[in-house]
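Novice: End of the sequence shown = 398 in my numbering, gap-free, step of one.
Would you mind keeping the following structure in view while I ask a few things?
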Amino acid sequence: MQIVAPKQLYSYAKMIEDICNLEKQYSSVLSTKKIGESVEGKKIVAIKLGHGETEIFINAAHHAREWLTTSLVMHMVDTYCQGYANDDLIGIFPVRDILSKTSIWFVPMVNPDGVSLVQYGVEGIENCTDVIALNNNQKSFSSWKANINGVDLNRQYPAGWETIDDQIGKPAPSMYKGPSPLSEPETKAIYDFTLEHDFKTAVSYHSSGEEIFWKYKSSGALLNRSKKIATMIKEKTGYQLIYPSPNPSGGGFTDWFLDSLGKPAFTLEISPLVGPRPVPLENYDKIWNDNKELGLMLALEAFLNKDNR
Ligand SMILES: [Zn+2]
90 MQIVAPKQLY
100 SYAKMIEDIC
110 NLEKQYSSVL
120 STKKIGESVE
130 GKKIVAIKLG
140 HGETEIFINA
150 AHHAREWLTT
160 SLVMHMVDTY
170 CQGYANDDLI
180 GIFPVRDILS
190 KTSIWFVPMV
200 NPDGVSLVQY
210 GVEGIENCTD
220 VIALNNNQKS
230 FSSWKANING
240 VDLNRQYPAG
250 WETIDDQIGK
260 PAPSMYKGPS
270 PLSEPETKAI
280 YDFTLEHDFK
290 TAVSYHSSGE
300 EIFWKYKSSG
310 ALLNRSKKIA
320 TMIKEKTGYQ
330 LIYPSPNPSG
340 GGFTDWFLDS
350 LGKPAFTLEI
360 SPLVGPRPVP
370 LENYDKIWND
380 NKELGLMLAL
390 EAFLNKDNR
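If you want it as structure tokens, here you go:
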């Protein structure tokens, strides 16, 4: 039975409820860990699927309005749990076999305060005084990307942070890189969690544009391996590989993972371009179809290449 219903306004509360139910139903393969708290004290939850030592990491919703990435990742967790329980194939991938050799860690909602603000406006948060001013007194927060402090969580990681010219320099609905790298509890939680593990690869889900960011400033063996995996993702999803300028702006999770850890990481932009708003639910079926096998594909790839860089 499916626990996660992804085609709805998928809220933080719904996610927490689903995680509890998944944990009850699938305790043989799924466990959870609180890795930190948002500014307003919402739990940032990591989900572990599998029993293997080879680990990969998939996260979603660094950016508030991109909450459909949370639906996608939760749907993936539920589907892989069912596949494990029933010893099914998903696409060409034998779920139980892959999850016995590997573990996939998911953080489905990096920015729960921001997501709640986008979905419910000031009703969704506790301290609304500052965000109304930051939003130019507009009531709709549907284009908001930042956390509740007005810091863009994907411009916070220590990879070329100093050189980012955000052209804002103060809290805002998007783009502001913050007063220092990792100043925000949400990014610090992801940073610390990542360093506690030896993830072979990572995916950070964003929207929109059907694009794969895979390179940043990588070169040599890392670039070759990253390109190989990015091409596998392209073949599965139809998304386009992005070739950055010679001096790309950093600060993103993927930039940091590539640059500091020296291992492949990918920013995947789901959905055709939709402009500054959440991806509409009618786009979901294709997104799911494009992405449903990716976690298993990347876990198996990591296992087969676990001794390589
Ligand atoms: Zn984004």
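Here a beta-carbon is modelled for each residue, glycine too, at the ideal position from N, C-alpha and C.
May I ask you to check if the CB of residue 152 is nearer than 6 angstroms to at least one heavy atom of ligand 1?
Specialist: Yes, the beta carbon of residue 152 sits closer than 6 angstroms to at least one heavy atom of ligand 1.
Novice: Between residue 293 and residue 162, what straight-line distance do the alpha-carbon atoms span, to the nearest angstrom?
Specialist: Their Cα atoms are separated by approximately 10 angstroms.
Novice: Please confirm whether any heavy atom of ligand 1 lies closer than 6 angstroms to the CB of residue 155.
Specialist: Checking every heavy atom of ligand 1 against the Cβ of residue 155, one is found closer than 6 angstroms.
Novice: Heavy atom of ligand 1 less than 6 angstroms from the Cβ of residue 295, yes or no?
Specialist: Checking every heavy atom of ligand 1 against the Cβ of residue 295, one is found closer than 6 angstroms.
Novice: Going by C-alpha distance, which of 251, 277 and 279 is nearest residue 266?
Specialist: When only C-alpha atoms are compared, the closest one is 251.
Novice: Would you mind giving the Cβ-Cβ distance between residue 158 and residue 392, rounded to the nearest angstrom? I have them listed as a contact below 8 angstroms.
Specialist: At roughly 25 angstroms, the Cβ-Cβ gap does not stay under 8 angstroms, so residue 158 and residue 392 are not in contact.
Novice: Any idea what DSSP makes of residue 144, helix, strand or coil?
Specialist: In the structure shown, residue 144 sits in a strand (DSSP, three-state: E or B).
Novice: Run through the region 309–382 for me and flag every whole beta strand (DSSP E) of 3 or more residues, listed as ranges in chain order.
Specialist: Counting only runs of 3 or more, we get 329–331 and 354–359.
Novice: Reducing DSSP to helix, strand and coil, say where residue 267 ends up.
Specialist: In the structure shown, residue 267 sits in coil (DSSP, three-state: anything other than H, G, I, E or B).
Novice: Measuring only from the beta carbon, is residue 350 closer than 6 angstroms to any heavy atom that is part of ligand 3?
Specialist: You won't find ligand 3 in this model; what it holds is ligand 1.
Novice: Measure the Cβ-Cβ separation of residue 253 and residue 116 and say whether it is below 7 angstroms.
Specialist: For residue 253 and residue 116, no; Cβs fall outside 7 angstroms.
Novice: Where does residue 181 land, buried or exposed, given buried means 16+ other C-beta within 10 angstroms?
Specialist: Classification of residue 181: exposed, given that the 10 Å Cβ count is below 16.
Novice: Taking only three categories from DSSP, how would you classify residue 306?
Specialist: Coil, per DSSP.
Novice: Please state whether DSSP places residue 178 in a helix, a strand or coil.
Specialist: Correct three-state label for residue 178: strand.
Novice: Cβ atoms of residue 93 and residue 399: under 7 angstroms apart, would you say?
Specialist: With the chain running from 90 to 398 in the structure shown, residue 399 is simply not present.
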